[in-house]
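In this text, residue positions in the sequence shown follow this note's numbering: the first is 100, and each later residue adds one.
The beta carbon of each residue, even a glycine, is placed where N, CA and C say it ideally should be.
Only one structure is covered here, and it is reproduced in the block below.
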Amino acid sequence: MRSLSDTLERLARFRAHKTEPPGQPGRLQDLRDFGSNPGRLTGKVHVPSNRAEHPALVVVLHGCTQTASGYDHSAGWSALADQHGFIVLLPEQTRENNGNLCFNWFVPGDIRRDQGEARSIRQMIDAVVSKYTVDPSRIFITGLSAGGAMANVMLSTYPEVFAAGAVIAGLPYGVASTVPAAFDRMRGHGLPEIKTLQSKLKAASPHNGPWPVVSVWHGSQDNTVAEINARAIVDQWRGVHGVGPRPDFHEPIGAHSKAVWKNPEGREVIEYFSITGMGHGTPIDASSELENAAPYMLDIGISSTFCSAKRWGLLRDDFEPARRASGPAPNREAPFAQETRAADGIQQVIEDALRKAGLMR
100 MRSLSDTLER LARFRAHKTE PPGQPGRLQD LRDFGSNPGR LTGKVHVPSN RAEHPALVVV
160 LHGCTQTASG YDHSAGWSAL ADQHGFIVLL PEQTRENNGN LCFNWFVPGD IRRDQGEARS
220 IRQMIDAVVS KYTVDPSRIF ITGLSAGGAM ANVMLSTYPE VFAAGAVIAG LPYGVASTVP
280 AAFDRMRGHG LPEIKTLQSK LKAASPHNGP WPVVSVWHGS QDNTVAEINA RAIVDQWRGV
340 HGVGPRPDFH EPIGAHSKAV WKNPEGREVI EYFSITGMGH GTPIDASSEL ENAAPYMLDI
400 GISSTFCSAK RWGLLRDDFE PARRASGPAP NREAPFAQET RAADGIQQVI EDALRKAGLM
460 R
């Protein structure tokens, strides 16, 4: 267990990098009257004018200090939806729930099936599916950091809902229940053994399969959520998919790599993208007109949005995003995100810790 002062310093650092670009006004619409909302979340939705009769749905969860519209502006999900006719749902955290706008991925009452924030997100999905006649076999989820961890919560607690998901810089399900423990796991300390990880996933729902396909993305220079968490997520999902510890093959992607596991039927069920030199954030390709670099939205020349959408069968086979006019090339040899040690006032940090622990709203 880390010291209280260490945990408070970590919280202060986490709050410091909170600037993000505004989203495009009016692009996302408020989602209203979606249920009892026990997690007290809000939500946004983007419904393209050219949506299919029974469209696919992508659920997108922002990271800490971000908003739904800001994340969407950088990741380009709604812009991609406009070209391919699927719907985008963006649940959003509130400062009343969490002062850093993190989804509460470790609070027991928010991550159990049919409770708290997990239940609120499920209610949002049900409302969108009903209103827009979404194809229930084509529902997907992705998220960054705390949003990535919450995406894994949703995949674990409602596996029957999702065809696939992409967890970016996230954490395994059910590995922490307090603020200090959450920060320990983020550092890579105290993660459970593989059998325990897998039993937590199995116990999260009464589901017996089939199980969603899982893609995991993580930067090798992530100093906020240690990359060992990505390997732990893979290990957590190996059990239900019946795959061993060694991937079936590796695929180089420039300086980066993708490992793939196939189930006994030969289907690719787990992917692990290890992004060399990348810090904490979502990998994007800002040469595309759909995406925009920002804090924690890192231009490495690989788009997790495009790769995920293609993997999920949302794009035309011949689709390539339009490119911006060429400018100065980004430095893609250095780490793509740096942590800052600037801190807010100690009182605010303590209040944030209490909110994260569920002791203050």
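- Per the DSSP secondary-structure output, I210 pairs with nothing in a beta bridge.
- Under the three-state reduction of DSSP, E216 is assigned to helix.
- Between the C-alpha atoms of T141 and R126 there is a straight-line separation of about 16 Å.
- For the options V313, R330, H306, V312, the alpha carbon positioned closest to that of I293 is the one of R330.
- Excluding sequence positions up to five before and after T256, its CB lies within less than 6 Å of the CB of R212, A217, A303, S304, all in the same chain and listed in chain order.
- Per the Cβ contact rule, the stretch 227 to 244 is in contact with the stretch 152 to 169 (3 or more Cβ pairs under 8 Å).
- In the DSSP assignment, H145 falls within the unbroken beta strand (DSSP E) covering 141 to 145.
- Comparing alpha carbon positions, the residue from T166, A174, D129 closest to S387 is A174.
- With the rule of 3 Cβ pairs closer than 8 Å, the stretch 224 to 233 does not count as touching the stretch 278 to 289.
- For I332, same chain residues with a beta-carbon under 8 Å away, outside a window of 5 residues either side, are N251, V266, G269, L270, P271, V313, V315 in chain order.
- In this structure, L397 keeps its C-beta atom at 8 Å or more from the C-beta atom of A155.
- In the displayed model, A180 falls within a helix according to three-state DSSP.
- One alpha carbon belongs to G215, the other to H145, and they sit about 24 Å apart.
- Using a C-beta cut-off of 8 Å, the stretch 374 to 390 makes contact with the stretch 352 to 362, since at least three inter-stretch Cβ pairs fall below that distance.
- Taking C-beta separations shorter than 8 Å and ignoring five residues to either side along the sequence, the partners of S236 in its chain run A262, following chain order.
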